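Asks: I'd like to ask you about the structure that follows.
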Amino acid sequence: MVSSYSSVRICAVILTPFDMLSQNIIQKIVFLSCFLLCFTRSHQLFAQVKIGTNPTSIAKSSILELESTSQGLLLPRITDTAAINTLNPPDGTLIYLANTNPGLYIRKGGFWLNVSNGSGRLGINFQSNPDGSLTIIYSDGTTFTTQKLVGETGPKGDKGDKGDKGETGIAGKGVKDIRLNEDSTLTIHYTDDTQTNIPQRVIAKDGLNGMGIYWKGMFDAAPAEAKTNWAYYDSAQHKSFIYDGQNWQILSQDGIHSKDSSLASFYGDRPITASVFNGQNPGTNDLVKWIEYLFYPSQGPTAGLTITYGSNTGNTITIEKIADGADLMATMNWEAGRQASTKLLSAITVAGDTVAFTQPHQNASVTGIANVSVPRNVNSSFTIRALTEDNKAATSTVNFRFLWKRYYGFVSTSLANEVMLTPTNKEILDLSSEFASARGFTKTVNPGSPKRLVIAYPLSMDSNDMEIKISGFDQKGAFDRQVIKLVNESGGSTDYVVYTAKNNTSAGVTFSVL
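In C-alpha cells:
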C-alpha cells in the first residue's frame, strides 16, 4: 500500500445551491482560488513514499521507506553483466548476480564488486580478558564475552608409590693384573681367577727398510740431473728442497726448524689437505711420496667466466628478442688458477676452443679474453674448463637468453566508456614492462586521472582458462580482448594478446593475471 502527502494543506468549502446564487459568495470563491494558486506556486512541494505496513507512519529522515514482517526487497536478478554494462550504469548501482559467483554486487570505479562475500559481521575485534575469557567487539559497538577459555591451575597431585626394586645384575669380573712374560707375550689375570694370553710378539709386522737423504749442499738453483731423495739448500729462496723423483718439494724454510736443524722439518709450513685417512693405500715405499699421498693430496684448479654484451656484464645476460639477422658478438673474460696444492695446468678450453696461457704459480691465476658468436633469438650457454696434469678439472658456465616482454599500465583516451580502445604500438611500448617466460603476474598501478587499464603479453602464453582478478574476483568480462602484431624496440615482432578495460578509472588497482 502506497501513501504520500504534501506540505500544502488544502481546505474544502461546502456550499449550498442557495448560496451559490449569491454574488457575495461568488466573490469569496474567486478570492479563495487566487489565494491557493499563489500559495502553491510560492512553495516547493515535498513528498515521501512508504510501501508496506503502517503507510501513514513515515520516518522524517527517509524519502522511501519499506516496512514488512513477512516480505522482502527483490533486486534485479542478472546472469551476465554484459547487457547492463552497455547502459553505462553509474557507481552505486545494485544488482543480484546469479551465475557461478552469485551474490549482491555494487558498481564502483567501472567494476562490479561483490559486497555479500563472506559471513558474519564485518570489522570484528578480539579482546583477551585477565580472567581467561575472550570479548568479541563488533563494528556496531555490540559485544559478546565468552566463558573462561583457560582454566585455573589444579591442585598438585599426590606423590606416587615407590617402584619395585630391580633384579640384581650379573656380577662382572675385573682385572687383577697384566704381566709381561719373558717371551714378549702378555697375560691378563682376572678377579674370577681366569686369564687371557696375548701373543704380542706377532701383532706387529716387520717395518719397511729405511731411506736416506742425500744432502748435496747449498746452491742458488736446483742441481741438474737430480735423483730421488737428493736434497739441497737454495740460497736464493732461503728454503731446503728434496727431489721426489719428478719435482723438487720444499723440506723447510728459514725460520722453521726441527730439533736437529741440520735435517729441518718435512715441509712443515703446508696445511694438510687430506680429510680422511682410513683405507688409504699409498702404494709406495718412498717416504716422501707416502707422506704426500696421505697428507697432501693435490687440489683441483679454479675457473671463472663472465660474459659482456653492450652495457650488460655477468654470468647471465637477458635481452629482448630481436629481428632476424647476423649473429651477435659477445666478449667473455675467463680466469683459471691453482690452489696451494694444485698440480700444473695442462689445458684451458673456453667455449670449446683451447686457449694459450702462461702457467700460473700455486695460489695464483691466469686470465684472458675470448670473443664468442651468439645466434639471434637462440638461448645459448658457454663454458670454461681448466684441467691439471693429474686430470682434475674445474668449470664455469655463462648464459645468454632472449625473451619477450609483457606490458601493463594505463592509456589516456577520449573514447566514451564501453567503446573499445585499440592502443597503438607506441602506447603499448610506453607502458611498464618486464621480461617474461609466462603470463602470470600481480601488479598494483595508479592512473592518477581517469584512464583505461591495458595488459599485454605474447599470444603464445595465452589460454582459454586465463583470468584477470581484481579484489579477488575474476573481472575478465570488464575487459575487451584483441590480438595485434607488436613490434618491440629491438625490431622483434610477434602476435600479442591485449586486454583493455571497457571503462576509465581514476582509482588505484591491484590486479592478477592467472
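One point on numbering: in my numbering, the residue at position 139 of the sequence shown is 135, and numbering is uninterrupted.
Idealized CB from N, CA, C, for every residue including glycine.
All of these numbers come straight from a predicted model, not from anything done at the bench.
Which residues share a DSSP beta bridge with TYR229?
Replies: Indexing the sequence shown from 1 puts residue 229 at position 233. Answer by DSSP bridge pairing, in chain order: MET214, SER236.
Asks: For VAL351, which residues in the same chain have their Cβ closer than 8 Å to its Cβ, ignoring the five residues on either side in sequence?
Replies: The residue labelled residue 351 in the question sits at position 355 within the sequence shown. Same-chain partners within the cutoff: TRP330, ILE344, THR345, GLY364, ALA366.
Asks: Would you say ILE451 and ILE464 are within 8 Å of each other, going by their C-beta atoms?
Replies: As a first step, residue 451 must be located in the sequence shown, where it is residue number 455. As a first step, residue 464 must be located in the sequence shown, where it is residue number 468. In contact: ILE451 and ILE464 (Cβ atoms closer than 8 Å).
Asks: Which of helix, strand or coil does DSSP assign to ASN308?
Replies: Walking along the sequence shown from the start, residue 308 turns up at place 312. Here ASN308 sits in strand by DSSP.
Asks: List the residues that DSSP assigns as beta-bridge partners of TYR453.
Replies: Walking along the sequence shown from the start, residue 453 turns up at place 457. Bridge partners of TYR453: VAL493.
Asks: Based on the DSSP output, what are the partners of SER66 in its beta bridges?
Replies: Residue 66 sits at position 70 when you count from the first residue of the sequence shown. According to DSSP, SER66 bridges with nothing at all.
Asks: Would you report the Cα separation of ILE47 and LYS104, rounded to the nearest angstrom?
Replies: What you label residue 47 is simply residue 51 of the sequence shown in a count that begins at 1. What you label residue 104 is simply residue 108 of the sequence shown in a count that begins at 1. Each residue's alpha carbon lies about 28 Å from the other.
Asks: Based on Cα-Cα distance, which residue from SER489, ASP188, THR440, GLY321 lies nearest to ALA167?
Replies: Start at 1 with the first residue of the sequence shown, and residue 167 comes out as number 171. The residue with the shortest Cα to Cα distance from ALA167 is ASP188.
Asks: Please check the pair SER502 and PRO443, which I expect to be a contact at CB under 8 Å, by giving their CB distance rounded to whole angstroms.
Replies: One-based indexing of the sequence shown puts residue 502 at position 506. One-based indexing of the sequence shown puts residue 443 at position 447. Contact holds; Cβ gap of about 6 Å.
Asks: Nearest to THR438 by alpha carbon, out of ARG397, SER508, ILE380, MET214?
Replies: If you number the sequence shown from 1, residue 438 lands on position 442. When only C-alpha atoms are compared, the closest one is SER508.
Asks: Taking a contact to mean a Cβ-Cβ separation below 8 Å, would you say LEU521 touches VAL505 in this structure?
Replies: The structure shown has nothing for residue 521, since the chain only spans -3 to 510.
Asks: Using only alpha-carbon positions, find the residue among TRP286, ILE74, GLY321 that is nearest to GLY241.
Replies: What you label residue 241 is simply residue 245 of the sequence shown in a count that begins at 1. The residue with the shortest Cα to Cα distance from GLY241 is TRP286.
Asks: Shortest alpha-carbon distance to GLN478 belongs to which of SER429, ASN484, ILE424?
Replies: Translated into the one-based positions of the sequence shown, residue 478 becomes position 482. Closest option to GLN478, Cα to Cα, is ILE424.
Asks: Where PHE431 and THR490 are concerned, what is the direct C-alpha to C-alpha distance, given to the nearest angstrom?
Replies: To locate residue 431, count along the sequence shown from 1; it is residue 435. To locate residue 490, count along the sequence shown from 1; it is residue 494. Looking at the two C-alpha atoms, the distance is approximately 15 Å.
Asks: Smallest Cα separation from VAL111: which of VAL483, SER467, LEU510?
Replies: Within the sequence shown, numbered from 1, the residue matching residue 111 stands at position 115. When each option's Cα is compared against that of VAL111, the closest is SER467.
Asks: On the DSSP letters alone, give me the boundaries of the beta strand (DSSP E) that GLU430 sits inside.
Replies: For the purposes of this step, residue 430 is taken as the residue at position 434 of the sequence shown. Taken as a continuous stretch (DSSP letters only), the beta strand (DSSP E) holding GLU430 covers 428 to 432.
Asks: Hey, which unbroken runs of the beta strand (DSSP E) at 3 residues or more fall wholly within the stretch 347 to 394?
Replies: 360 to 370, 376 to 384
Asks: Contact check, VAL441 vs TYR404 under 8 Å by CB: the rounded distance?
Replies: Here residue 441 refers to the residue found at position 445 when the sequence shown is read from its first residue. Here residue 404 refers to the residue found at position 408 when the sequence shown is read from its first residue. Rounded, the Cβ-Cβ distance is 7 Å, consistent with contact.
Asks: Please list, in chain order, all residues of the same chain as VAL171 whose beta carbon is under 8 Å from its beta carbon, the five residues on each side excluded.
Replies: In the sequence shown, residue 171 corresponds to position 175, counting from 1. Same-chain partners within the cutoff: ILE184, HIS185, TYR186, THR187.
Asks: Taking one C-beta from the stretch 377 to 393 and one from the stretch 406 to 419 each time, how about it: are there three or more such pairs within less than 8 Å?
Replies: As far as the Cβ criterion goes, the stretch 377 to 393 does not touch the stretch 406 to 419, which means the pair count is below three.
Asks: What do you get for ILE238, buried or exposed, if any count of 16 or more other CB atoms within 10 angstroms of its CB means buried?
Replies: By one-based count along the sequence shown, residue 238 stands at place 242. The residue in question, ILE238, is buried, as its Cβ has 16 or more Cβ neighbours within 10 Å.
Asks: As an exercise, report each continuous beta strand (DSSP E) stretch of at least 3 residues that is fully enclosed by the stretch 54 to 108, in chain order.
Replies: With a minimum length of 3 residues, the unbroken runs of beta strand (DSSP E) contained wholly in the stretch 54 to 108 fall at 60 to 63, 90 to 93, 99 to 104.
Asks: Is LYS158 helix, strand or coil by DSSP?
Replies: Translated into the one-based positions of the sequence shown, residue 158 becomes position 162. Correct three-state label for LYS158: coil.
Asks: Report the option in ASN500, GLY436, THR384 whose CA atom is closest to the CA atom of LYS447.
Replies: Start at 1 with the first residue of the sequence shown, and residue 447 comes out as number 451. Comparing Cα positions, the closest option is ASN500.
Asks: Do you know how far the Cα of PRO454 is from the Cα of SER361?
Replies: Position 365 of the sequence shown holds residue 361. Position 458 of the sequence shown holds residue 454. Taking the straight line from one Cα to the other gives about 46 Å.
Asks: Give me, in chain order, the residues of the same chain whose beta-carbon lies closer than 7 Å to that of ASN81; leave out the 5 immediate sequence neighbours on both sides.
Replies: In the sequence shown, counting from the first residue as 1, residue 81 sits at position 85. Correct list, in chain order: GLU414, LYS498.
Asks: Reducing DSSP to helix, strand and coil, say where LYS422 ends up.
Replies: In the sequence shown, counting from the first residue as 1, residue 422 sits at position 426. Correct three-state label for LYS422: helix.
Asks: What is the DSSP secondary structure of GLY473, counted as helix, strand or coil?
Replies: Working through the sequence shown from its first residue, we reach residue 473 at position 477. Residue state, collapsed to three classes: helix.
Asks: Helix, strand or coil for VAL505, going by three-state DSSP, please let me know.
Replies: Position 509 of the sequence shown holds residue 505. It is a strand residue.
Asks: Rounded to a whole number of angstroms, what is the C-alpha to C-alpha distance between GLY208 and VAL284?
Replies: Here residue 208 refers to the residue found at position 212 when the sequence shown is read from its first residue. Here residue 284 refers to the residue found at position 288 when the sequence shown is read from its first residue. C-alpha separation (whole angstroms): 11 Å.
Asks: Please classify GLU385: is it buried, with 16 or more other beta-carbons within 10 angstroms of its beta-carbon, or exposed?
Replies: Taking the first residue of the sequence shown as position 1, residue 385 is located at position 389. Looking at its Cβ environment, which holds fewer than 16 other Cβ atoms inside 10 Å, GLU385 is exposed.
Asks: Work out the CA separation of THR298 and ALA332 for me, nearest whole Å.
Replies: The residue labelled residue 332 in the question sits at position 336 within the sequence shown. The residue labelled residue 298 in the question sits at position 302 within the sequence shown. In a straight line, the C-alpha of ALA332 is about 5 Å away from that of THR298.
Asks: Helix, strand or coil for GLU463, going by three-state DSSP, please let me know.
Replies: In the sequence shown, the residue the question calls residue 463 occupies position 467. Three-state result, GLU463: coil.
Asks: Near ARG372, what residues of its chain come up, given a Cβ to Cβ distance below 7 Å and the 5 sequence neighbours on each side ignored?
Replies: Position 376 of the sequence shown holds residue 372. Answer for ARG372: ILE318, ASP320, GLY321, ASP323, LEU324, listed in chain order.
Asks: What does the alpha-carbon distance come out to for the pair ILE313 and TYR229?
Replies: Counting from one through the sequence shown, the residue named residue 313 turns up at place 317. Counting from one through the sequence shown, the residue named residue 229 turns up at place 233. Rounded to whole angstroms, the separation of the alpha carbons of TYR229 and ILE313 is 53 Å.
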